[in-house]
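A.B. asks: Numbering (numbering that gives the first Met the number 0), first residue to last: 0 to 619.
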Amino acid sequence: MTTTAAAESQPFQAEVAELLHLMVHSVYSETDIFLRELISNASDACDKLRYEAIANPSLITDGTPPEIRIVPNKAANTLAVVDTGIGMERQELIDNLGTIARSGTRSFLSKLTEAKDGANLIGQFGVGFYAAFMVAEKIVVTSRRAGSDEVWVWSSEGGSGFEIAPASEEAAQRVARGTEIVLHLKKDAAKYLETYEIERIVREYSDNIQFPILLVPEEGEPRQINSASALWQRSKSELKPEDYAQAYKQIAGAFDEPAMTLHYRAEGRQSYAVLLFAPSQKPFDLFQVERKGKVKLYVRRVFIADDAELLPAYLRFIRGVIDSEDLPLNISREMLQNNPQLAQIRKAVTGRVIGELETLGEKEPETFARIWDAFGPVIKEGLWEDFERRDKLLALARFTTTSGENRSLKQVVDDFKPNQTEIYYLVGDSVERLKSNPKLESARARGIEVLLLTDPVDAFWTSAPLDFGGKPLKSLSQGDVDFGLIPLADDKDDRKDEPAADAATTIAVIKDALGERVSDVRASQRLTASASCLVAGGNARDRALERLLAQQNRGAITKPVLEINLRHPLVAALATDSAQAKDLSLLLFEQAQILDGEMPDDPAAFAGRMNQLVLRGLGK
């Protein structure tokens with residue numbers, strides 16, 4: 000029952016107030032999207048009603064079908080978007096329209112300063128309702144939850160707060176179920192009352208909404224202005240590229256173009272339709288801790304869930320729909336986790352997505368390169384997590400190497416040098432720093448291609464025992480490396496005529512000077528020009544992984560191995576200058592730390608030793 004109780008005023012959440020200020024002052028040039036967002040929200044409400052009605056059929060016993068109506072009124076200067084969906088109770092109106100921290104508002108506001116146009120961000124961050132304030136000076140929302148007798152009215156002029164009150168008898172009779180959103184338009188938004196303008200926007204953005212969108216003109220009969228068909232259920236031969244592009248934007252709430260489209264129907268033990276897209280731009284939530292996917296699950300065209308984990312986490316950038324003909328309509332979210340039919344769908348679709356990426360890499364390398372540039376760090380998570388598909392993912396991966404960019408492991412192996420048996424890599428913070436790393440010197444002298452890995456996930460997946468085509472992957476920062484059987488690129492060793500320090504004597508002096516700072520000191524096969532470098536022992540974790548784990552308090556850094564270049568003059572001087580042996584040994588160790596991106600344990604003492612060495616060289 001409704002009453003005539005006074006309206007209650009409530010303030011907006013702080014971030015909402017800031018967002019509304021931006022909307023009211025027309026930050027965006029693409030104001031058309033307000034209607035797309037309101038229609039999308041109405042469609043979601045109809046989906047939720049269909050889903051809840053599976054368990055509670057009484058919600059739809061009145062026979063009113065789920066639909067969306069758009070009602071322009073030039074005399075009143077209002078535009079209404081009305082749905083017969085699930086509707087909202089009083090607290091839901093407050094939660095959904097008064098606070099949106101759950102939708103990532105803080106991230107949205109921070110991103111605005113980086114974007115030339117915020118239209119794309121509106122769809123990405125789920126703040127679409129507030130886009131209506133770009134064209135409206137006041138919004139009135141009247142809503143009745145399905146199965147409820149109460150009808151509530153939420154209203155705001157886009158200021159610091161909103162009012163909420165029970166609906167009048169007239170409004171309660173008008174809204175039998177669902178939500179009515181009435182926009183009191185600004186003077187410069189009058190074009191959105193024109194029927195041709197409304198039809199254009201719906202055709203461009205919302206044609207594939209599954210529920211009928213009815214335009215209710217001031218004169219004439221209501222008419223449906225969208226196709227209202229599940230595009231993924233249609234044959235590929237019926238569809239054009241622009242149909243897929245439009246469907247992608249509607250399903251994913253995005254403004255970019257899809258870089259890859261996968262559309263097929265599986266028949267056999269299970270029957271289901273698949274329509275998936277790879278975006279061409281990174282979604283804002285790609286690296287959220289939850290790593291949730293965004294593929295929507297339908298059962299016989301009834302929406303079930305948008306987070307059913309239909310693909311592994313390392314494919315969470317994929318957007319789209321999977322529509323099953325076999326799953327029960329009343330499947331709960333808890334049942335989704337352990338349903339064997341869904342597990343089979345997940346396995347089959349994952350294989351198909353990886354296969355499609357493989358085909359794209361072979362036939363359209365430039366398109367695949369765009370996908371890899373955007374989502375490669377995410378896909379590489381699968382190298383650590385998905386043992387079953389590790390070989391395929393390794394073949395799919397592209398790397399920056401000492402020979403170029405977007406190199407596959409097949410290309411690297413095809414370019415192996417004589418007697419080379421391993422694929423070499425280095426993990427670090429940046430390509431520029433890795434290219435100057437002394438551990439590359441001996442490999443570079445032999446023309447050996449080395450993978451330069453700079454994504455944080457690289458430190459993890461490389462810690463697994465990996466090989467590609469029988470060629471093991473080997474870190475240049477870990478264990479022994481021997482290039483002795485691989486010939487030099489120019490068949491000349493610039494060091495062979497230089498005198499080498501006595502290995503046993505020099506190593507003994509350095510070990511005595513460094514003490515517990517290192518686990519071992521040995522002659523290096525990696526270095527040709529530099530004096531020293533630090534590496535991990537053969538059984539220890541790669542140093543890049545150790546540093547990453549230490550930053551997260553997930554393990555201590557073990558003592559490294561110091562490798563020395565016996566032909567370097569600084570190393571040779573150790574054996575002949577006993578007075579300076581300790582300082583020179585410490586300099587070798589501290590220089591190696593700096594080249595690895597670490598600070599010396601005692602920067603002041605390092606600077607003092609370096610100054611002394613410089614002064615000695617100057618004869619001071």
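Virtual Cβ for every residue (Gly too), placed ideally from N, Cα, C.
May I have the straight-line CA-CA distance separating Q579 from L612, to the nearest angstrom?
C.D. replies: So the alpha carbons of these two residues sit roughly 9 Å apart.
A.B. asks: Please state if the CB of R176 and the CB of G62 are separated by a distance shorter than 8 Å.
C.D. replies: Cβ atoms of G62 and R176: not closer than 8 Å.
A.B. asks: If you draw a straight line from the alpha carbon of I370 to that of A246, how long is it in whole angstroms?
C.D. replies: Roughly 19 Å between the two C-alpha positions.
A.B. asks: With burial defined as no fewer than 16 other Cβ atoms inside 10 Å of the residue's Cβ, what is the status of L547: buried or exposed?
C.D. replies: Answer is buried; the Cβ neighbour count reaches 16.
A.B. asks: To the nearest angstrom, how far is the alpha carbon of D595 from that of P471?
C.D. replies: Going from the Cα of D595 to the Cα of P471 covers about 24 Å.
A.B. asks: Distance, Cα to Cα, F623 vs I38?
C.D. replies: Outside the displayed span of the chain (0 to 619) sits residue 623, for which this structure offers no information.
A.B. asks: What's the C-alpha gap between A44 and I321?
C.D. replies: If I take the Cα positions, the gap works out to 20 Å.
A.B. asks: Do F316 and L275 have their C-beta atoms closer together than 8 Å?
C.D. replies: Cβ atoms of F316 and L275: not closer than 8 Å.
A.B. asks: By Cβ distance below 7 Å, which residues in the same chain neighbour F605 in space, the five residues on each side in sequence not counted?
C.D. replies: E589, P599.
A.B. asks: Taking the alpha carbon of S154 as the reference point, which residue from F11, K190, E380, E169 has its own alpha carbon closest?
C.D. replies: Here the closest residue by C-alpha is F11.
A.B. asks: Please name the residue, chosen from F482, I422, L439, that lies closest to D466 on a Cα-to-Cα basis.
C.D. replies: Nearest of F482, I422, L439 to D466, Cα basis: I422.
A.B. asks: Please say whether Q209 and R300 have beta carbons closer to each other than 8 Å?
C.D. replies: For R300 and Q209, yes; Cβs fall inside 8 Å.
A.B. asks: Could you say if the stretch 223-243 and the stretch 285-294 meet the contact criterion of at least three C-beta pairs nearer than 8 Å?
C.D. replies: Touching, no.
A.B. asks: Taking only runs of the alpha helix (DSSP H) that begin and end inside the stretch 288-364, which ones reach a length of at least 4 residues, in chain order?
C.D. replies: Within the stretch 288-364, the complete alpha helix (DSSP H) runs of at least 4 residues are 332-337, 339-362.
A.B. asks: Quick test of the definition: if touching needs 3 or more C-beta pairs under 8 Å, does the stretch 523-532 touch the stretch 558-577?
C.D. replies: Short answer: they touch.
A.B. asks: Excluding the 5 residues flanking I485 on each side, which residues of the same chain have their C-beta closer than 6 Å to its C-beta?
C.D. replies: Hits under 6 Å: K416, N418, Q419, R445.
A.B. asks: On a CA-only basis, which of Q172, K558, A171, V134 is nearest H183? Give me that one, please.
C.D. replies: Looking at the Cα atoms, V134 is the closest of the given residues.
A.B. asks: Extract the residue ranges of the alpha helix (DSSP H) inside the stretch 25-82, only unbroken runs of 4 or more that lie entirely within it.
C.D. replies: Entirely contained in the stretch 25-82, the alpha helix (DSSP H) runs reaching 4 residues are, in chain order, 32-54.
A.B. asks: If distances are taken between C-alpha atoms only, which option among Y263, E162, I197 comes closest to A6?
C.D. replies: Looking at the Cα atoms, E162 is the closest of the given residues.
A.B. asks: Between S57 and the rest of its own chain, which residues show a CB-CB distance below 7 Å, the 5 nearest in sequence each way excluded?
C.D. replies: Correct list, in chain order: G146.
A.B. asks: Please work out which residues of its chain come closer than 8 Å, Cβ to Cβ, to G427, disregarding the five sequence neighbours upstream and downstream, and give them in chain order.
C.D. replies: Only L433, N436, L451, L452, T453, A543, G596 meet the Cβ criterion.
A.B. asks: Just how far apart, CA to CA, sit L487 and S441?
C.D. replies: Using only the alpha carbons, I get a separation of about 9 Å.
A.B. asks: Compare the beta carbon distance of A277 and A307 with 8 Å and say whether it is the shorter of the two.
C.D. replies: For A277 and A307, no; Cβs fall outside 8 Å.
A.B. asks: CB-CB under 8 Å to V412, same chain, minus the five flanking residues each way: which ones, in chain order?
C.D. replies: Same-chain partners within the cutoff: I422, F467, G468, K470.
A.B. asks: Return the residue from the list A458, I593, D148 that minimises the CA-CA distance to D541.
C.D. replies: The shortest C-alpha separation from D541 is found at A458.
A.B. asks: Which stretch, first to last residue, makes up the beta strand (DSSP E) that contains S8?
C.D. replies: Segment 7-10, the beta strand (DSSP E) holding S8.
A.B. asks: Taking the Cβ atom as the reference point for each residue, do R67 and I250 lie within a distance shorter than 8 Å?
C.D. replies: Looking at the sequence provided, one finds Ile at residue 67 rather than Arg. For I67 and I250, no; Cβs fall outside 8 Å.
A.B. asks: Would DSSP call S462 helix, strand or coil?
C.D. replies: It is coil, neither helix nor strand.
A.B. asks: With DSSP run on the structure shown, which of helix, strand or coil describes A244?
C.D. replies: Here A244 sits in helix by DSSP.
A.B. asks: Name the residue from A253, T505, L533, G381 whose alpha carbon lies nearest to the alpha carbon of V456.
C.D. replies: The residue with the shortest Cα to Cα distance from V456 is G381.
A.B. asks: Can you tell me the Cα-Cα spacing of L392 and D489, whole angstroms?
C.D. replies: When rounded, the distance between both Cα atoms is 35 Å.
A.B. asks: Taking only the alpha-carbon atoms, compute the straight-line gap between G616 and G607 and give it to the nearest angstrom.
C.D. replies: Going from the Cα of G616 to the Cα of G607 covers about 14 Å.
A.B. asks: What I want to know is whether the C-beta of K416 ends up closer than 7 Å to one or more non-hydrogen atoms of the ligand PLP.
C.D. replies: Absent from the structure shown: the ligand PLP. Ligands present: none.
A.B. asks: Please go through the same chain and pick out, in chain order, the residues whose beta-carbon is closer than 7 Å to the beta-carbon of S8, but skip the five residues on each side of it.
C.D. replies: So the qualifying residues of the chain are G160, E162.
A.B. asks: Under the assumption that T83 contacts P65 (Cβ atoms under 8 Å), give the Cβ distance between them as a whole number of angstroms.
C.D. replies: T83 to P65, Cβ: 6 Å. Contact.
A.B. asks: Tell me whether the beta-carbon of W280 lies closer than 8 Å to the beta-carbon of D255.
C.D. replies: Before going further, note that residue 280 is Gln rather than Trp in the sequence given. In contact: Q280 and D255 (Cβ atoms closer than 8 Å).
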